[in-house]
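Since the structure comes first, as structure tokens, the remarks are kept for the end.
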Amino acid sequence: MTMILPRTTVTEEDWLQAVDRLAAGKCTLLGLWGDDGCVHMALLTGSDIAVLTYVCKVGTYPSVGARHPAAIRLERAIGSLFGFEAVGSPDTRPWLDLGFWDVKRPLGAQKPAREPTPYTFLPAEGEALHQIPVGPVHAGIIEPGHFRFTANGEHVVRLEQRLGYVHKGIESLMRGASLEQAAKLAARTSGDSTAAYSLAFAQAVEAAVEVKVPPRAVYLRALMAELERLANHFGDIGAICNDASFALMHAQTGILRERTLRAAQACFGHRLMMDAVVPGGVARDIAADGPSAVAALVAEVRKVFPRLIELYDSTASLQDRTVTTGIAKPEYAKSFGAGGYVGRASGRDFDARRAPGYAPYTELSFEVPVLQDGDVNARVWIRIREVDESLKLIDQILERLPAGAIAVPVEANGGTREGLALIEAFRGDVLVYVRLGEDGRIERCHLRDASWFQWPLLEVAIEGNIVADFPLCNKSFNCSYSGHDL
Amino acid sequence: MRKTLLESLTRGPLTEPAPPPDQAALAELAQSVDRAARARLGRSLSIREVDAGSCNGCELEIHALSNAFYDLERLGLRFVASPRHADVLLVTGPVTKNMREALLRTYNATPDPKWVVAVGACAADGGVFAGSYAVAGGVKDVVPVDLHIRGCPPSPTELLKGLLAVLTSANEKAHGG
Ligand code: SF4
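The structure is reproduced here in structure tokens:
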């Protein structure tokens, strides 16, 4: 989905009315971010996207989080990055700013940071309760983040996350960047979703400058996106099983993942396909032997994967760990607008490829699996079914791959223009807002990872589970730290 | 039933008719890493990975070192959970200001002699993230670095080559050179 923005600047009354609608579950929050002197809120109603702007005349805006918890962290981030205050917010503690920067509100009216303000975790009350702080550096090869468990014996009573350790200041680096630099930054927002991010950024730019991408590029982009989805789903399924003490599956899916990356390398010259999607099209055409490499991969997966699924399904010790563990309730998935396998495993029937939808998916046939259980097992099964759907999509893409140009030039200069895109990454929907200045450089670019609306669900999903099941639950969510921290 | 399933699995993907062209070179490289590790340290090489601000792309390829194609474990190279058991710190990412302290702590907790390998373009000098208010710089701006492995991200083969190189250069350090 891409749109050329008619953003609407709204009155306080309209803003609050939107908050009402969010609180009543009549629409879904897609994003809430700061800008020069204002905040923007993106909403999804049915398959329509609307963007509202509230001008922060005195540096404040009416809190969305006060009535709609999904907005709370976004508001805290706006507070830390821009300094705008969400009036009425239940939680005004900083977010992303962990007290190590030299500046306060780096994207707003900057001021030097003096002493870091101490951070207060939520209090743990009750006799038998104890706290277990974990991280930021963890035992395995995973991204850094801090988790504070309040436990009663073995059971988690509450989890509180503190994130921001890999905050790189991407949105500040975006300001004034050329299109080329900005595309590189977008591609490195979350490396596991590099193709999806490049695509989201490119589509937002193309919407802004009203450029139409050649059909061949549209199909090649989708091929990249589906290869990326496959590689990540293989990796995740294996890693989840590994955390459930079933290493054999990990070894097998690791092979499939590696084969997928090698196919990507054969097609596009890079295992992760970094910088392969650029505004206007794709950076290079698929290699002559690319389609046959992909076809071989698809055949191999079709041969091996069903046996792995059978194995998953018939291993009682595995099912013991994954079934009913880490349940994310459907009502939370809905109200947080949790995307990807997290949302779809908890009954939220949403996939940005289908609706709002974008080319070429609008011309291809695929199903969007949805389950209701919301446990680790359901999140595994959504991925399993999505592997099948990606294979079907790849068949169709190879079959129909149009001939012709792979890119058109993008003339960015010529007045301020803005665009928005919503792309389905393997983990869920990525929202990108971009505004280009007179000089064709980036004035503002905001990238909202799916993880923003998934991390908070993990906090609730782990409640009542044993502490030892946290790695498994965490893996089944596989939220991005980097994509969230920016 | 279950047995056949397992057998067919192992037969399936692992017996490739012909290894991809780089597979032989890869095996050779991996073996020399192993030999080097044992010669220098008299045992396998323990690696602690630290994400100091990466986009997570580098982590994906470091993970890949453990898959059946590269099979780090088989070669006596292993990832360890604690810096206290590590010979090598494999550090990725531009070092964010928010991670600088944690990286320093990890470095200080790693016993001497130790080697720091900076992985990826970001770890070299901050990469595309250099100059941000939130980035301290490359790894060398925070802790001493013995070797840089370039790439965005470096491929598993490049990572193995780098590990071999660090072992070679580590010789002097380990034997008082
Ligand atoms: S070098 Fe590339 S892959 Fe590695 S952290 Fe930096 S941007 Fe990500």
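Chain order of the listed sequences is A and B.
Taken in order, the first sequence gives residues 39 to 524; the numbers are from the numbering used here.
Taken in order, the second sequence gives residues 946 to 1122; the numbers are from the numbering used here.
All C-beta atoms, glycine included, are put in the ideal place defined by N, C-alpha and C.
Remember, it's a predicted structure, so these values are computed and weren't measured experimentally.
When the options are compared against residue i, the one with the closest alpha-carbon
i                       : options                           : result
residue 1065 of chain B : B/997, B/976 and B/980            : B/997
residue 131 of chain A  : A/140, A/521, A/116 and A/152     : A/116
residue 1097 of chain B : B/1050, B/1071, B/1029 and B/1059 : B/1071
residue 139 of chain A  : A/124, A/127, A/123 and A/119     : A/119
residue 1007 of chain B : B/1100, B/1045, B/1084 and B/1068 : B/1100
residue 350 of chain A  : A/280, A/489 and A/371            : A/280
residue 90 of chain A   : A/73, A/330 and A/97              : A/73
residue 171 of chain A  : A/419, A/188 and A/95             : A/188
residue 449 of chain A  : A/249, A/516 and A/409            : A/249
Inter-residue Cα distance where the pair is residue i and residue j
i                       : j                       : result
residue 209 of chain A  : residue 485 of chain A  : 8 Å
residue 247 of chain A  : residue 1059 of chain B : 52 Å
residue 114 of chain A  : residue 366 of chain A  : 23 Å
residue 333 of chain A  : residue 487 of chain A  : 31 Å
residue 77 of chain A   : residue 201 of chain A  : 22 Å
residue 101 of chain A  : residue 92 of chain A   : 11 Å
residue 463 of chain A  : residue 398 of chain A  : 15 Å
residue 1089 of chain B : residue 1061 of chain B : 7 Å
residue 1063 of chain B : residue 1080 of chain B : 16 Å
residue 1037 of chain B : residue 49 of chain A   : 46 Å
residue 428 of chain A  : residue 231 of chain A  : 15 Å
residue 455 of chain A  : residue 127 of chain A  : 32 Å
residue 946 of chain B  : residue 338 of chain A  : Only weak support is given to the placement of residue 946 of chain B: the predicted model assigns it a pLDDT of 42, under 50, and the value that follows is read from those uncertain coordinates. Approximately 22 Å between the Cα atoms of the pair.
residue 260 of chain A  : residue 480 of chain A  : 26 Å
residue 185 of chain A  : residue 443 of chain A  : 49 Å
residue 220 of chain A  : residue 51 of chain A   : 36 Å
residue 182 of chain A  : residue 1051 of chain B : 13 Å
residue 301 of chain A  : residue 336 of chain A  : 10 Å
residue 424 of chain A  : residue 270 of chain A  : 11 Å
residue 147 of chain A  : residue 512 of chain A  : 36 Å
residue 47 of chain A   : residue 347 of chain A  : 50 Å
residue 956 of chain B  : residue 341 of chain A  : With a pLDDT of only 46 at residue 956 of chain B, under 50, the local geometry of the prediction cannot be trusted, and the value read off the model is given with reservation. C-alpha separation (whole angstroms): 12 Å.
residue 274 of chain A  : residue 1024 of chain B : 19 Å
With 16 other Cβ atoms within 10 Å as the buried cut-off, status of residue i
i                       : result
residue 1012 of chain B : buried
residue 1108 of chain B : buried
residue 504 of chain A  : exposed
residue 522 of chain A  : buried
residue 1084 of chain B : buried
residue 363 of chain A  : buried
residue 524 of chain A  : buried
residue 1004 of chain B : buried
residue 966 of chain B  : The pLDDT assigned to residue 966 of chain B is 46, lower than 50, so where the model puts this residue is not dependable, and the model offers no usable value.
residue 106 of chain A  : buried
residue 328 of chain A  : buried
residue 142 of chain A  : buried
Near the ligand SF4: residue i beta-carbon under 7 Å from a heavy atom
i                       : result
residue 226 of chain A  : yes
residue 121 of chain A  : no
residue 999 of chain B  : yes
residue 1037 of chain B : yes
residue 182 of chain A  : no
residue 1072 of chain B : yes
residue 1083 of chain B : no
residue 1098 of chain B : yes
residue 76 of chain A   : no
residue 1065 of chain B : yes
residue 229 of chain A  : yes
residue 307 of chain A  : no
residue 273 of chain A  : no
residue 1003 of chain B : yes
First and last residue of the uninterrupted alpha helix (DSSP H) at residue i
i                       : result
residue 360 of chain A  : 354–360
residue 500 of chain A  : No alpha helix (DSSP H) contains residue 500 of chain A, which DSSP labels as neither H nor E.
residue 298 of chain A  : 285–306
residue 1003 of chain B : 1002–1009
residue 510 of chain A  : 508–515
residue 247 of chain A  : 232–247
residue 279 of chain A  : 253–281
residue 184 of chain A  : Element bounds for residue 184 of chain A: not the alpha helix (DSSP H) but the beta strand (DSSP E), 184–190.
residue 58 of chain A   : 50–61
Residue i CB to nearest heavy atom of the ligand ZN below 7 Å
i                       : result
residue 1089 of chain B : No copy of the ligand ZN occurs in the structure displayed; its ligands are the ligand SF4 alone.
Endpoints, the beta strand (DSSP E) within which residue i is located
i                       : result
residue 25 of chain A   : Past the boundaries of the shown model lies residue 25 of chain A; chain A is included only from 39 to 524, so the question cannot be answered.
residue 419 of chain A  : Note, residue 419 of chain A: premise wrong, no beta strand (DSSP E); alpha helix (DSSP H) at 414–438.
residue 484 of chain A  : 480–486
residue 169 of chain A  : 167–172
residue 1024 of chain B : 1022–1024
residue 125 of chain A  : 123–125
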